[in-house]
Amino acid sequence: MKASSPGELSAPVAKKIPHEMTIHGDTRVDNYYWMRDDARQDPDVIAHLNQENAYADQVLAHTEPMQAKLFDEIKGRIVKDDASVPVKKGSYFYSSEVEGDNEYRTYVRAKDFAGTDKTVILDVNALAKGHEFYSIGQLSVSPNENLLAYGEDTLSRRVYTIQVKDLTTGEYLDDKIEGASSSIVWQNDNQAFYYIKKDPQTLLGYQVYRHRLGTPQSADDLIYEETDTSYYTGLSKSKDGEQIFIWHSSTETSGVSLVDANDPNATAQVFYPRETGIEYDVAKRGEWYYIYTNYQAVNFRLMKVHQSERDDRSQWQDVIAPNDKVQLVDFTLFDNHLVYEQRENGLPRTTVRNLTTGEEYQLTFNDSAYASYLTGNAEMDNIAVRVYYTSLTTPGTYYEFDLASGEREMLKQNQVLGDFNPDNYQSERVMITARDGAKVPVSLVYRKDRFKKDGTNPIYQYGYGSYGATMEPTFSTTRLSLLDRGFVFAIAHIRGSEMLGRPWYDDGKKLNKKNTFNDFIDVTKALTAQGYGDTDKVFAVGGSAGGLLMGAIINQAPELYLGVAAHVPFVDIVTTMLDESIPLTTNEYDEWGNPNDKTYYEYMLSYSPYDNVSAQDYPNLLVTTGLHDSQVQYFEPMKWVAKLRELKTDNHTLVFKTDMEAGHGGASGRFKRIKEDALEYAFFLDLLDKQGN
């Protein structure tokens with residue numbers, strides 16, 4: 001594989017200060033531990049990050065014309081004036097709009113679907129002025145529809161300040177809640193709302209408070225406190241508005257507590273006691289609760305119980321029985337209908353059931369492989385179910401299906417400006433045999449007239465493979481810039497996702513985690529062997545836990561990849577998982593294992609990207625992070641890059657870009673994000689150009 005050299009430029013060299021860490025009789029020495037600064041103010045840390053940014057800018061300076069071209073190209077496909085599909089809730093239809101070159105959305109509401117009398121309830125562009133980063137959390141309108149509560153984050157740490165706006169006057173109330181999550185739920189008397197307080201160190205939301213308007217935050221009522229740091233806490237409201245749900249969720253166990261939304265002095269009541277390894281959540285329909293659970297159901301089931309018998313599981317009745325080959329993914333309830341989504345062999349299907357007659361029918365779509373999601377179904381008395389549909393060749397489309405007849409109406413298809421024609425592109429679903437015989441699904445898309453299947457195309461292979469998150473085959477306008485240049489885009493649905501059901505996830509976590517990495521590598525080898533791409537033109541991309549994937553594969557099989565982009569990569573897994581002061585660590589034990597247990601420690605250490613950097617050739621690397629990242633702390637990729645610079649034996653490009661204002665989600669604003677995509681694409685295209693392609 002040809003090397004790409006930054007010429008006479010010198011990469012930053014980080015100082016080494018040995019830091020010993022001993023556990024289970026094993027001592028590791030981390031020369032770059034000093035890079036951790038929770039305050040993000042250490043002069044040496046900031047100086048080194050700035051040096052890396054300056055070096056990256058120098059190395060990539062010659063790609064700036066390509067970056068600009070890609071930016072304009074991608075931006076040129078985006079409809080500048082666009083609006084979301086209105087969702088009815090109460091007496092209003094709510095939607096959001098974006099106009100011209102505005103980076104942010106404006107939220108509006110109207111009395112009818114057409115929006116003939118729409119009024120602005122929140123202009124995020126105005127709120128974002130003067131902020132390098134600005135993000136709005138959940139918008140929550142009071143039951144009387146006169147007050148709007150929302151959270152704002154100006155640091156990208158996902159810690160929100162809640163504000164309350166009077167929608168009748170446009171003025172703000174004096175109430176202000178600091179240090180909260182984005183979840184807000186109103187009490188039905190319009191005099192109070194519920195929110196979640198975050199721990200300032202771990203950033204874990206763990207306390208549910210009730211705030212009465214006109215009182216200081218210090219006087220708020222503590223309704224629930226989560227004492228187990230392996231659990232996340234969430235808030236929502238039942239569709240009929242009668243109850244507030246407090247969600248308790250860890251990786252392998254979940255539960256719900258109930259709060260009466262009509263009682264200003266309500267306390268939290270456990271729906272059903274939590275049990276290790278049992279997950280459940282609930283929805284309410286009249287006097288009945290519907291329970292989505294993995295109780296005696298590896299791929300989940302749907303049950304129901306009368307409200308008077310909820311604490312007696314022997315009274316729970318099957319609504320959708322468990323099926324070891326079909327995963328129940330989601331459901332929503334209406335007055336007389338149940339709509340549920342399942343996945344079989346990696347492919348989705350959506351079914352509508354009449355709850356009076358028991359009759360069912362399936363919703364039909366055009367593509368053989370696609371993604372669909374239930375969305376915008378906010379009220380029990382809806383006469384139609386709304387579904388968002390997309391595929392690798394079909395832009396996002398909103399449909400409504402009449403619940404009684406099944407007749408379909410397209411509400412909106414996201415527009416792609418320019419010369420886009422879906423007929424120019426082809427998608428495929430292939431199954432790759434991994435080294436242990438498992439069949440790994442892979443979703444592919446390419447431009448027909450640029451694809452030969454003769455082993456000459458470049459491949460862009462994306463993967464994640466953690467937390468059961470399934471990377472669906474969805475459309476991307478940004479991706480067209482690669483497809484139109486001859487790239488084959490591949491999503492490797494590796495173990496650790498739930499593409500093939502819950503067992504597929506279980507086989508890619510904890511002591512099975514290496515299956516995730518092996519699957520990705522085996523997909524790469526198979527795609528080139530089958531002629532989908534050139535062995536010398538393979539690029540791999542992953543972010544967050546997908547960044548861990550990138551770190552693992554370049555340690556194991558660096559020769560397979562010309563270039564790799566690792567975004568906000570989780571690469572120092574052992575050190576992080578041993579430090580409970582780092583945000584979100586304890587929540588992750590059921591995903592990765594707890595390294596305080598020697599068995600998990602040794603297994604995690606055997607694949608940890610940072611711990612396994614060695615003196616060998618590595619691919620060309622683009623690494624990005626945000627200084628204020630709340631999920632993967634900036635110092636993980638910072639340390640990783642320093643160690644790679646120290647040990648790698650090649651002269652391939654390694655650049656490290658830190659957004660000094662952003663966090664885990666990258667830049668805020670719709671056009672700022674395009675610059676990040678343009679940078680990555682230009683980095684890869686430049687590598688191809690250096691090969692003479």
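Residue numbers 1 to 693, in UniProt numbering, belong to the letters of the sequence shown in order. C-beta: ideal position from N, C-alpha, C; glycine also. Bear in mind the structure is a predicted one, so any value in this text is a computation, not a measurement.
Considering only the beta carbon of each residue, do residue i and residue j sit closer than 8 angstroms?
| i | j | result |
| --- | --- | --- |
| Ser182 | Gly626 | no |
| Tyr195 | Ile162 | yes |
| Leu548 | Pro458 | no |
| Ser95 | Val79 | no |
| Glu341 | Leu374 | yes |
| Leu500 | Pro422 | no |
List the DSSP bridge partners of residue i.
| i | result |
| --- | --- |
| Gly543 | His567 |
| Lys439 | Thr433 |
| Tyr160 | Ala180 |
| Ala110 | Phe93 |
| Asp590 | DSSP lists no partner for Asp590. |
| Thr390 | Ala371 |
How big is the Cα-Cα spacing for residue i and residue j?
| i | j | result |
| --- | --- | --- |
| Lys198 | Gly241 | 25 angstroms |
| Phe684 | Glu279 | 42 angstroms |
| Asp38 | Val159 | 15 angstroms |
| Ala425 | Ala83 | A quick correction: the sequence has Tyr, not Ala, at residue 425. Distance between the alpha carbons of Tyr425 and Ala83 is about 27 angstroms. |
| Gln327 | Arg301 | 8 angstroms |
| Ile74 | Gln67 | 10 angstroms |
| Pro6 | Glu20 | Here the model assigns Pro6 a pLDDT of 46, short of 50, so the residue's position is not dependable and the matter cannot be decided. |
| Asp189 | Pro264 | 8 angstroms |
| Val445 | Arg349 | 21 angstroms |
| Ala126 | Gly455 | 51 angstroms |
| residue 728 | Val305 | In the structure as shown, the chain starts at 1 and stops at 693, and residue 728 therefore has no counterpart that could be examined. |
| Thr390 | Phe365 | 10 angstroms |
| Ala378 | Asp659 | 37 angstroms |
| Gly179 | Asp221 | 16 angstroms |
| Glu225 | Tyr206 | 6 angstroms |
| Ala615 | Glu646 | 9 angstroms |
| Gly462 | Arg479 | Looking at the sequence itself, residue 462 is Tyr, so the reference to Gly does not match. About 12 angstroms. |
| Gly666 | Leu679 | No answer about Gly666 holds up, because its pLDDT of 47 lies below 50 and its placement is not dependable. |
| Val29 | Ile223 | 45 angstroms |
| Asn336 | Ser372 | 22 angstroms |
| Lys643 | Tyr32 | 8 angstroms |
Buried or exposed: residue i, going by 16 or more other Cβ atoms within 10 Å of its Cβ?
| i | result |
| --- | --- |
| Phe656 | buried |
| His664 | Unreliable placement is indicated for His664, whose pLDDT of 48 sits below 50; the coordinate value is still reported in the next sentence. Buried, by the Cβ-count rule. |
| Ile674 | buried |
| Arg447 | buried |
| Leu148 | buried |
| Asn518 | buried |
| Ser497 | buried |
| Phe570 | buried |
| Pro200 | exposed |
| Met471 | buried |
| Asp677 | buried |
| Asn596 | exposed |
Per DSSP, what kind of secondary structure is residue i in: helix, strand or coil?
| i | result |
| --- | --- |
| Pro348 | strand |
| Leu654 | strand |
| Thr215 | coil |
| Phe331 | strand |
| Tyr505 | helix |
| Ala3 | No answer about Ala3 holds up, because its pLDDT of 39 lies below 50 and its placement is not dependable. |
| Gly551 | helix |
| Asp367 | coil |
| Phe93 | strand |
| Glu145 | coil |
| Ile674 | helix |
| Arg353 | strand |
| Ile196 | strand |
| His664 | Caution is warranted here: a pLDDT of 48 is assigned to His664, below 50, making its placement in the model unreliable, and the coordinate value is therefore given only provisionally. Note: His664 maps to coil in three-state DSSP. |
| Glu428 | strand |
| Ile383 | coil |
| His493 | coil |
| Ile74 | helix |
| Tyr462 | strand |
| Lys16 | coil |
| His131 | coil |
| Glu341 | strand |
Just checking: is the beta-carbon of residue i within a distance shorter than 8 angstroms of some beta-carbon in chain D?
| i | result |
| --- | --- |
| Ala492 | The question asks about chain D, but that chain is absent: this structure has only one protein chain. |
Hey, is residue i close to the ligand GTP, as in C-beta under 7 angstroms from one of its heavy atoms?
| i | result |
| --- | --- |
| Trp592 | The ligand GTP is absent from the structure shown, which contains no ligands of any kind. |
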